[in-house]
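Counting along the sequence shown from 1, when you hit position 35 you're at 35 in UniProt numbering, and nothing is skipped either side. Ideal placement from N, C-alpha and C gives every residue a C-beta, glycine not left out. It should be emphasised that the depicted structure is a prediction, and the values quoted were computed from it without experimental measurement. Inspection log for the structure reproduced underneath, given as structure tokens.
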Amino acid sequence: MAAQSSSLSKLQSLNGIFAIYKKQGPTSADVLNALKKVLLKEAGIANPNPRKRKKQPLKIGHGGTLDSNASGVLVVGIGEGTKMLTTMLAGSKKYRAVGELGKATDTLDVTGNVVEEKSYDHITKEAFEEKMKQFTGEIMQVPPLYSALKKDGQRMSVLLKQGQEVEAKPARPVTVYSLSLQDFSPPYFTIDVECGGGFYVRSLVDDLAKALSSCAHIKHLTRTKQGQFMLEEHALKEDRWTWTDISQALQPCPTSSGLQNNAKKAKSKHKPTI
Numbered sequence: 001m002a003a004q005s006s007s008l009s010k011l012q013s014l015n016g017i018f019a020i021y022k023k024q025g026p027t028s029a030d031v032l033n034a035l036k037k038v039l040l041k042e043a044g045i046a047n048p049n050p051r052k053r054k055k056q057p058l059k060i061g062h063g064g065t066l067d068s069n070a071s072g073v074l075v076v077g078i079g080e081g082t083k084m085l086t087t088m089l090a091g092s093k094k095y096r097a098v099g100e101l102g103k104a105t106d107t108l109d110v111t112g113n114v115v116e117e118k119s120y121d122h123i124t125k126e127a128f129e130e131k132m133k134q135f136t137g138e139i140m141q142v143p144p145l146y147s148a149l150k151k152d153g154q155r156m157s158v159l160l161k162q163g164q165e166v167e168a169k170p171a172r173p174v175t176v177y178s179l180s181l182q183d184f185s186p187p188y189f190t191i192d193v194e195c196g197g198g199f200y201v202r203s204l205v206d207d208l209a210k211a212l213s214s215c216a217h218i219k220h221l222t223r224t225k226q227g228q229f230m231l232e233e234h235a236l237k238e239d240r241w242t243w244t245d246i247s248q249a250l251q252p253c254p255t256s257s258g259l260q261n262n263a264k265k266a267k268s269k270h271k272p273t274i
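Now the structure itself:
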């Protein structure tokens, strides 16, 4: 019992943020629960229930939802770090997206049902790259219907799956810092995008294809950077979800004065990460 108490105390002493690798398939919440279960088991907590919110021995949260179909960097706050996520992740995010021309889905990605098919034979690599210029800088974007955004306290994606009607949110300003075409092998293409908070790559792919008089959806999406965390350098895979690896990778919480300054800067320059 003393050893278990010591292990738990050691785990609870962790305060800060770090990055883990989210694989394609599970939701961000599922991945977070799996991480919590692994850590509590290492600390000797028998049969932990990570979904039970009351009297949790470990405080943990993530900073920015990744779609279930997406993989890559998922930033996690632990202990006092859960309060730091918005402020410390106010910078840009980077994604690599593989899209397919000629087919649109209701979710704007491969998990949805095909709702439209259009020709793409007229689209050249040069035309694609030229059209991409219109989606760089400060642009207006309508978020996808299937998203984590909420209506009356419920996620829009959940309401749609329940068969309820949901109206699209109004277009809102978002920022694209850079956008580049990495591969063009119709019907498939690969793009890299660096963007600010509240941006949806699924909407970008859909809008880009429409601007080219066609349609498209995302086959796969990978977040390669969030804030200061890079996929190859910082994202811990499941075999490294241990106290030792996390304590070494942890970015500690700044001082309270530094936190206040960071919060002011983030509030004035950036939107919260969604």
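Give me whichever residues DSSP pairs with residue i in a beta bridge.
i: residue 173; result: 140
i: residue 37; result: For residue 37, which the question treats as bridged, DSSP gives no partner whatsoever.
i: residue 193; result: 95 and 179
i: residue 223; result: 72 and 95
i: residue 103; result: 117
i: residue 185; result: 188
i: residue 217; result: 100
i: residue 254; result: Paired residue(s): none; residue 254 is not in a bridge.
i: residue 77; result: 17 and 61
Is the Cβ-Cβ distance between residue i and residue j less than 8 Å?
i: residue 228; j: residue 73; result: no
i: residue 214; j: residue 120; result: yes
i: residue 219; j: residue 116; result: no
i: residue 45; j: residue 14; result: no
i: residue 84; j: residue 77; result: yes
i: residue 173; j: residue 126; result: no
i: residue 69; j: residue 221; result: yes
i: residue 231; j: residue 246; result: no
i: residue 18; j: residue 251; result: yes
i: residue 43; j: residue 66; result: no
i: residue 123; j: residue 212; result: yes
i: residue 35; j: residue 20; result: yes
i: residue 61; j: residue 89; result: no
i: residue 80; j: residue 253; result: yes
i: residue 75; j: residue 135; result: no
Just curious, the beta strand (DSSP E) that residue i is in, first and last residue?
i: residue 109; result: Per DSSP, residue 109 belongs to no beta strand (DSSP E) and is neither H nor E.
i: residue 234; result: Careful: residue 234 lies outside any beta strand (DSSP E), inside the alpha helix (DSSP H) at 231 to 234.
i: residue 20; result: 16 to 22
i: residue 60; result: 60 to 62
If residue i and residue j are in contact, beta carbons under 8 Å, what's the gap, nearest whole angstrom?
i: residue 141; j: residue 189; result: Not quite, the Cβ-Cβ distance comes to about 19 Å (not below 8 Å), so this is no contact.
i: residue 95; j: residue 244; result: 30 Å between Cβ atoms; not a contact.
i: residue 59; j: residue 27; result: Between residue 27 and residue 59 the Cβ distance is about 20 Å, and since that is not below 8 Å, they are no contact.
When burial is assigned at 16 or more other CB atoms within 10 Å of the CB, is residue i buried or exposed?
i: residue 25; result: exposed
i: residue 32; result: buried
i: residue 22; result: buried
i: residue 105; result: buried
i: residue 71; result: buried
i: residue 109; result: buried
i: residue 206; result: buried
i: residue 233; result: exposed
i: residue 216; result: buried
i: residue 133; result: exposed
i: residue 210; result: exposed
i: residue 194; result: buried
i: residue 97; result: buried
i: residue 170; result: exposed
i: residue 107; result: buried
i: residue 57; result: exposed
i: residue 269; result: Confidence at residue 269 is low in this model, with a pLDDT of 42, below 50, so the placement of that residue is unreliable and no value is reported for it.
i: residue 86; result: buried
Over the uninterrupted alpha helix (DSSP H) stretch that includes residue i, give me the two end residues.
i: residue 246; result: 243 to 249
i: residue 208; result: 201 to 211
i: residue 135; result: Run containing residue 135: none; DSSP gives neither H nor E here.
i: residue 88; result: 85 to 88
Can you find a CB in chain C that lies within less than 8 Å of the CB of residue i?
i: residue 176; result: The structure shown contains no chain C; it is built from a single protein chain.
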